[in-house]
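>
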Amino acid sequence: MVIALFSPIVVPLVLAGISVPRQFVAVRRFAPIAASVVVLASGILLIAATAAGQVPITAGGIIRADALSAYMLTVVGAVGLVSTWGGQGAVPLGDRTKAGSYDSFLCVFLAAMSLAVLADNIGVMWASVEATTIATAFLVGHHRTKKSLEAAWKYVILGSVGVAIALLGIVLIYAASHSAGHPTLSWFSLSATTMPLDPALIKAGGALAILGFATKAGLAPMHSWLPDAHSQAPAPVSGLMSGVLLSVALYAILRIQAIADPVIGPDFLRVMLSIAALLSLAVAAAMLIRQRDYKRMLAYSSIEHMGVMALGAAIGAPAIPAVLLYVLAHGLIKATLFVVSGRILSAEGTPVIAEVRALLTRRPGLAVPWLVGMVALLGFPPFGIFFAVVNILLAGWAAGMGLAVSIALLLLLIIFAGLVRSTVTMTFGAAPSVAAASPDRSAHGPWLPLVLAFAVTAVIAFSGQPIGGILARAAAVLGGTP
Amino acid sequence: MLTSIFPQAIGLCAGVLLLTSTLMVWRHSLLASIGLLAAQGIGLAALVALIGVHSGDAQLLVVSVLVLALKGVVLPWILARQSRASTRTVEESPHQNPIVALLTVAGLTILSYVVLGRILSHVGAVTAHAAPIGLAMVLTGFLLLVTRRRARSQLVGFLLLDNGIATVAFLTSGGVPLFLELGISLDVLLVVVILYVFTGRMHAKFGGTDVDTLRELHD
Numbered sequence: 001m002v003i004a005l006f007s008p009i010v011v012p013l014v015l016a017g018i019s020v021p022r023q024f025v026a027v028r029r030f031a032p033i034a035a036s037v038v039v040l041a042s043g044i045l046l047i048a049a050t051a052a053g054q055v056p057i058t059a060g061g062i063i064r065a066d067a068l069s070a071y072m073l074t075v076v077g078a079v080g081l082v083s084t085w086g087g088q089g090a091v092p093l094g095d096r097t098k099a100g101s102y103d104s105f106l107c108v109f110l111a112a113m114s115l116a117v118l119a120d121n122i123g124v125m126w127a128s129v130e131a132t133t134i135a136t137a138f139l140v141g142h143h144r145t146k147k148s149l150e151a152a153w154k155y156v157i158l159g160s161v162g163v164a165i166a167l168l169g170i171v172l173i174y175a176a177s178h179s180a181g182h183p184t185l186s187w188f189s190l191s192a193t194t195m196p197l198d199p200a201l202i203k204a205g206g207a208l209a210i211l212g213f214a215t216k217a218g219l220a221p222m223h224s225w226l227p228d229a230h231s232q233a234p235a236p237v238s239g240l241m242s243g244v245l246l247s248v249a250l251y252a253i254l255r256i257q258a259i260a261d262p263v264i265g266p267d268f269l270r271v272m273l274s275i276a277a278l279l280s281l282a283v284a285a286a287m288l289i290r291q292r293d294y295k296r297m298l299a300y301s302s303i304e305h306m307g308v309m310a311l312g313a314a315i316g317a318p319a320i321p322a323v324l325l326y327v328l329a330h331g332l333i334k335a336t337l338f339v340v341s342g343r344i345l346s347a348e349g350t351p352v353i354a355e356v357r358a359l360l361t362r363r364p365g366l367a368v369p370w371l372v373g374m375v376a377l378l379g380f381p382p383f384g385i386f387f388a389v390v391n392i393l394l395a396g397w398a399a400g401m402g403l404a405v406s407i408a409l410l411l412l413l414i415i416f417a418g419l420v421r422s423t424v425t426m427t428f429g430a431a432p433s434v435a436a437a438s439p440d441r442s443a444h445g446p447w448l449p450l451v452l453a454f455a456v457t458a459v460i461a462f463s464g465q466p467i468g469g470i471l472a473r474a475a476a477v478l479g480g481t482p
Numbered sequence: 001m002l003t004s005i006f007p008q009a010i011g012l013c014a015g016v017l018l019l020t021s022t023l024m025v026w027r028h029s030l031l032a033s034i035g036l037l038a039a040q041g042i043g044l045a046a047l048v049a050l051i052g053v054h055s056g057d058a059q060l061l062v063v064s065v066l067v068l069a070l071k072g073v074v075l076p077w078i079l080a081r082q083s084r085a086s087t088r089t090v091e092e093s094p095h096q097n098p099i100v101a102l103l104t105v106a107g108l109t110i111l112s113y114v115v116l117g118r119i120l121s122h123v124g125a126v127t128a129h130a131a132p133i134g135l136a137m138v139l140t141g142f143l144l145l146v147t148r149r150r151a152r153s154q155l156v157g158f159l160l161l162d163n164g165i166a167t168v169a170f171l172t173s174g175g176v177p178l179f180l181e182l183g184i185s186l187d188v189l190l191v192v193v194i195l196y197v198f199t200g201r202m203h204a205k206f207g208g209t210d211v212d213t214l215r216e217l218h219d
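Protein sequences, first through last, are from chains W and V. Count the first sequence with my numbering and you get residues 1 to 482, in order. Count the second sequence with my numbering and you get residues 1 to 219, in order.
#1: Distance check for Val124 of chain W and Pro318 of chain W, CA to CA, integer angstroms please.
#2: Please list the partners that Val124 of chain W has in chain V, where partner means a Cβ-to-Cβ separation under 9 Å.
#3: In the DSSP output, which residue or residues are listed as bridge partners for Thr58 of chain W?
#4: Would you give the residue range spanned by the alpha helix (DSSP H) that Met272 of chain W belongs to?
#5: Thinking C-beta only, is Val25 of chain V closer than 8 Å to Leu44 of chain V?
#6: Please report the residue range of the alpha helix (DSSP H) in which Asp293 of chain W lies.
#7: Output needed in chain order: residues of the segment 124-156 of chain W with a Cβ under 9 Å from some Cβ in chain V.
#8: Of all Cβ atoms in chain W, is any one closer than 8 Å to the Cβ of Met202 of chain V?
#9: How many whole angstroms separate the CB atoms of Arg343 of chain W and His178 of chain W, which I take to be in contact at a CB cut-off of 8 Å?
#10: So, Leu211 of chain W versus Ile165 of chain W, is the Cβ gap smaller than 8 Å?
#11: Would Leu485 of chain W pass as an interface residue toward chain V - the criterion being a Cβ-Cβ separation below 8 Å?
#12: My parser needs the alpha helix (DSSP H) runs of 4 or more residues fully inside the segment 68-156 of chain W; what are they?
#13: Across which residues does DSSP place Asp210 of chain V in a beta bridge pair?
#14: Against Pro446 of chain W, what residues of chain V qualify as contacts under a CB-to-CB distance less than 7 Å, listed in chain order?
#15: What are the partner residues of Val352 of chain W, as DSSP defines its beta bridges?
#16: Would you list the residues sitting across from Ser4 of chain V in a DSSP beta bridge?
#17: For Pro482 of chain W, does the three-state DSSP call read helix, strand or coil?
#18: Just how far apart, CA to CA, sit Gln59 of chain V and Ala49 of chain V?
#19: Only counting the same chain, and skipping five residues up and downstream in sequence, which positions put a Cβ closer than 6 Å to that of Ile9 of chain W?
#20: If we count the other Cβ atoms within 10 Å of its Cβ and call it buried at 16 or more, is Thr194 of chain W buried or exposed?
#21: Which of the three DSSP states is assigned to Ser29 of chain V in this structure?
#22: Just how far apart, CA to CA, sit Phe338 of chain W and Ile385 of chain W?
#23: Using only the alpha-carbon positions, how far apart do Leu172 of chain W and Ala128 of chain V sit?
#24: Is it true that the segment 59-76 of chain W meets the segment 35-50 of chain W, where meeting means three or more beta-carbon pairs spaced less than 8 Å apart?
#25: Could you compute how far the alpha carbon of Thr172 of chain V sits from the alpha carbon of Phe462 of chain W?
#26: Please give me, in chain order, every unbroken run of the alpha helix (DSSP H) with length at least 4 that falls completely inside the segment 35-107 of chain V.
#27: Any beta carbon of chain V sitting closer than 8 Å to that of Arg421 of chain W?
#28: Please say whether Leu30 of chain V and Arg152 of chain V have beta carbons closer to each other than 8 Å?
#29: Can you tell me whether Trp397 of chain W is helix, strand or coil according to DSSP?
#30: Report the neighbours of Asp162 of chain V on chain W: residues whose CB is nearer than 7 Å to its CB, in chain order.
#31: If you run the structure through DSSP and keep just helix, strand and coil, what is His203 of chain V?
#32: For Leu366 of chain W, count the other beta carbons within 10 Å of its own beta carbon; 16 or more makes it buried, fewer makes it exposed. Which is it?
#33: Quick check: what's the CA-CA separation for Pro482 of chain W versus Phe188 of chain W?
#34: In angstroms, rounded to a whole number, what distance separates the CA positions of Val420 of chain W and Val237 of chain W?
#35: Return helix, strand or coil for Ala52 of chain W, following the three-state DSSP convention.
#36: State yes or no: is the C-beta of Ile320 of chain W within less than 8 Å of the C-beta of Gly307 of chain W?
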C-alpha cells in the first residue's frame with residue numbers, strides 16, 4: 001500500500017519533469033491525464049485499504065491515508081481526470097515551450113493537491129496548499145493578456161496573504177501543543193489524543209487557520225480573487241481550481257475544525273463558518289441575478305456551493321457525509337461545465353451570455369452537455385448535488401440551526417432563478433435562419449469524460465454500498481476515529 | 001551570564017524588528033524599504049540564533065543560517081535587482097499620509113500586545129513576552145499591502161507579513177520543525193519570484209507597476 005501513498009505525489013512530479021523538454025512533445029499532451037489516472041487509481045486502492053481497516057502510513061508518519069484522505073484523493077483524481085481529459089486541446093500547442101510549462105504546471109498542481117490530502121501534518125498540508133498557488137499562478141496568467149495578468153496578480157497576492165494567515169494560525173496551534181509538552185503538528189495526534197491544549201491558543205489559532213483556508217476555499221468575504229481567476233484561466237485550469245483546489249481548502253477547514261472543536265467546543269467555529277456560508281450565498285445571489293459573463297457565472301456558482309458546504313461544516317457531524325458527497329458531485333459537475341464553457345468560448349468567441357443565443361439549435365453538440373450540467377448544478381435529482389443539499393439543510397434543521405438554514409434556502413432560490421435565466425438565454429430561442437440550416441453537432445473535444453462525469457454524479461447518491469459506507473467511514477475520521 | 005543577558009538580547013532583537021517595520025511605513029523610497037527588509041532579516045536571524053544558543057538546539061542554528069541567507073540576502077536582492085535600474089528616483093505615493101500611517105502602526109502594536117498578551121498569558125517563557133512584536137509586524141505588513149500602490153511595495157508588505165509570522169513562530173514555540181521551515185521558505189521564495197515575474201510583465205503591458213491600474217475585471 002505504501003506505493004499508493006507515494007505514487008500520487010511522485011508520478012505527477014516525474015511527469016511534470018518530462019513534460020518540460022522539447023523532445024517529449026508527444027508525451028506532454030498526455031502527461032496531465034496520466035497523472036490524474038495515477039492519482040485516481042491510488043485513491044481507489046487506498047479506499048479499499050481503509051475499508052479493510054488498514055491505515056497506510058509512511059515517511060515517518062508524515063504521509064498517512066485514513067478513510068477521509070483516501071476519499072479526498074479519489075476526488076482529486078476524478079475531477080483532475082475530467083478537467084485534463086475533457087480539456088485536452090483547449091490550449092493549442094502553438095508555442096511549444098509555453099505549452100510544455102502549461103502541462104507540467106498541471107502535473108505539479110496535482111502532485112501538490114495529493115500531498116495536501118495525504119499529509120498527516122498541518123504544516124505540510126499548508127505548504128502544499130501554498131504550492132498550488134505557485135503552480136496555478138502562471139496557469140491563471142497563461143493567456144498573457146492584461147486581464148489575465150490582473151487576475152493572476154490578485155490571485156497570487158490574495159491567495160498568499162490568505163494562506164499566510166492560516167500559517168499564523170498553525171503556528172499558534174503548534175505553540176499550544178508545545179506548551180502542552182508534546183510539540184506536534186500531526187492533526188491525528190492533535191485531534192485524537194487528550195493533550196491539555198491551551199483553549200485560548202487553540203481558539204485564536206483555529207480561527208486564523210480557518211480564516212486563511214477560507215480565502216483559498218473562496219468563501220466570502222475573502223472571495224474576490226475567485227471570479228477573476230476562474231474567468232481568466234484556461235477552462236481546464238478553472239475546472240481544476242473549482243473542483244479540486246476549493247475542495248481541498250474545505251478539507252483543510254474540516255481538519256482544523258476537528259482539532260479545535262474538542263478543545264473549545266463546537267459553537268465558536270460554528271458561528272464563524274455559518275457567517276461565512278451565508279455571506280458567500282448572499283454574494284453569489286447578488287452577482288448571479290444579473291450576471292453577464294458565463295465563466296464568471298460558473299465562478300460565482302462555485303462560491304455559492306462552497307457556501308452550502310461551509311454551512312454543512314458548521315452543522316457538524318450529521319451533515320459531514322452529505323458535505324463529502326457534495327465535494328465529489330460539485331467537483332465533477334463544475335469541472336465538466338468549465339470544460340464545456342471553454343469550448344463554447346472558443347467556438348463563439350465571446351464570454352457574454354447575451355451574445356450566445358439559441359445554442360441548442362445552432363450547436364447542439366455543445367448545448368446538450370451544457371444544459372445537462374446546468375440541470376445538475378441547479379440541484380435537480382437524480383444528480384448528487386440535490387441529495388447533498390437536501391441532507392445538509394435537513395441536518396441543519398435538526399441541529400437547531402433553523403434560522404441559518406431558512407436564510408440559506410431563500411438565497412438558494414434567488415440563485416436558482418438567476419442561473420435558470422442565464423441558461424435559458426444561452427440555450428433556447430430561435431436561431432437566425434442561416435445557422436439553423438446546418439446545426440453544428442460536434443462536441444469540440446472528447447465527449448467521453450463529460451458523459452462519465454454526468455453518469456457518476458447521477459448514480460452516486462443511489463448506491464448505498466459502497467458509496468454510503470465510504471462516506472460514513474470518511475466522516476467518522478473527523479469524529480476522532482482513525 | 002548568558003541567562004541574565006538572554007531576556008535583554010531577545011528584547012533588543014525584537015526591538016530591531018519593530019523599528020525596521022515602523023521605518024518601512026515611514027519611508028516612501030522603495031530602495032530604503034528593501035534595505036530595511038534586509039536589516040530585518042538579519043535581526044530575525046540573530047533572534048533565531050539567540051534562541052538556539054539558549055536552548056542548546058543545534059537545529060535552530062541551521063535555521064538561523066537559512067533565515068539569514070533567505071530573508072537577509074536573497075529576497076532583498078531579488079527585489080532590489082530591478083528597482084535599482086528603473087525606480088531609483090520614483091517615490092511611493094501611498095494612499096495614507098505618513099503621520100496617520102505611523103499613528104496607525106502605534107495603534108496596531110498596542111492592539112497586538114492586548115490581544116496576544118491575553119492569549120499567551122499561560123505561556124511562561126521569556127520569549128513569549130516578545131511575541132506581540134511578531135503580530136504587530138503581521139498587522140503592519142497588512143497596512144503596507146492595503147495602502148501602497150506600487151506592485152513591489154506590496155511585495156515588501158507581503159514579506160514583512162511573512163517575517164512577522166516567523167517571529168511569532170520562533171518566539172512562541174522555538175520555530176516549526178526544520179523540514180517544514182524549509183518548505184515554508186521555498187514557498188515564500190517562489191511566491192516572490194512569481195510576483196517579480198508578474199511585475200515585469202505588468203511593466204511591459206501597463207507601462208508602470210501601479211496596482212491601481214488593475215481595474216479591468218469587475219462585475
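Just so you know, even glycine gets a beta-carbon here, dropped at the ideal spot from N, CA and C.
Reading it off the structure:
#1: Straight-line Cα distance between these residues: approximately 29 Å.
#2: Neighbours of Val124 of chain W across chain V, judged by C-beta separation under 9 Å: Phe179, Leu180, Gly183.
#3: W:Ile63.
#4: From DSSP, the alpha helix (DSSP H) with Met272 of chain W extends over 267-288.
#5: Leu44 of chain V is not a Cβ neighbour of Val25 of chain V, given a cutoff of 8 Å.
#6: Here Asp293 of chain W belongs to no alpha helix (DSSP H), and DSSP marks it neither H nor E.
#7: From the segment 124-156 of chain W, only Val124, Trp126, Ala127, Ser128, Glu130, Ala131, Thr133, Ile134, Ala137, Phe138, Gly141, Arg144, Thr145, Lys146, Lys147, Leu149, Glu150, Ala151, Ala152, Trp153, Lys154, Val156 have a Cβ closer than 9 Å to chain V.
#8: For Met202 of chain V, a Cβ of chain W is located within less than 8 Å of the residue's own Cβ.
#9: Beta-carbon to beta-carbon, Arg343 of chain W and His178 of chain W are separated by about 52 Å, too far to satisfy the 8 Å threshold.
#10: Taking 8 Å as the Cβ cut-off, Leu211 of chain W and Ile165 of chain W qualify as a contacting pair.
#11: No information on residue 485 of chain W is available, as it lies outside the stretch 1 to 482 that chain W covers here.
#12: Every alpha helix (DSSP H) stretch that sits fully inside the segment 68-156 of chain W and reaches 4 residues is listed by chain position as 96-118, 122-140.
#13: For Asp210 of chain V, which the question treats as bridged, DSSP gives the partners V:Arg150.
#14: Chain V residues near Pro446 of chain W: none, gap ~30 Å exceeds 7 Å.
#15: The secondary-structure analysis by DSSP pairs Val352 of chain W across a beta bridge with W:Asp293.
#16: According to the DSSP secondary-structure assignment, Ser4 of chain V is paired through a beta bridge with no residue.
#17: Residue confidence for Pro482 of chain W is low, a pLDDT of 44 falling below 50, so the modelled location carries little weight; the figure read from the coordinates is stated next. Reduced to three states, the DSSP call for Pro482 of chain W is coil.
#18: Between Gln59 of chain V and Ala49 of chain V, the C-alpha separation is close to 10 Å.
#19: Closer than 6 Å at Cβ, skipping near neighbours: Ala111, Ser114, Leu115.
#20: Burial call: exposed.
#21: Here Ser29 of chain V sits in strand by DSSP.
#22: Using only the alpha carbons, I get a separation of about 17 Å.
#23: Answer to the nearest angstrom: the Cα atoms are 11 Å apart.
#24: Verdict: yes, contact present.
#25: Here the C-alpha atom of Thr172 of chain V lies approximately 50 Å from the C-alpha atom of Phe462 of chain W.
#26: Listed in chain order, they are 58-67, 75-86.
#27: In terms of beta-carbon proximity, Arg421 of chain W stays away from the interface with chain V, with every pair separated by 8 Å or more.
#28: For Arg152 of chain V and Leu30 of chain V, yes; Cβs fall inside 8 Å.
#29: It is helical.
#30: Near Asp162 of chain V (Cβ distances below 7 Å), the residues of chain W are Ala164.
#31: In the structure shown, the three-state DSSP call for His203 of chain V is helix.
#32: It is buried - the Cβ of Leu366 of chain W has at least 16 other Cβ atoms within 10 Å.
#33: Below a pLDDT of 50, predicted positions are generally treated as unreliable, and Pro482 of chain W, at 44, falls in that range; the measurement from the model is reported next regardless. Rounded to the nearest angstrom, the two C-alpha atoms are 8 Å apart.
#34: C-alpha separation (whole angstroms): 25 Å.
#35: It is coil, neither helix nor strand.
#36: No. Outside cutoff.
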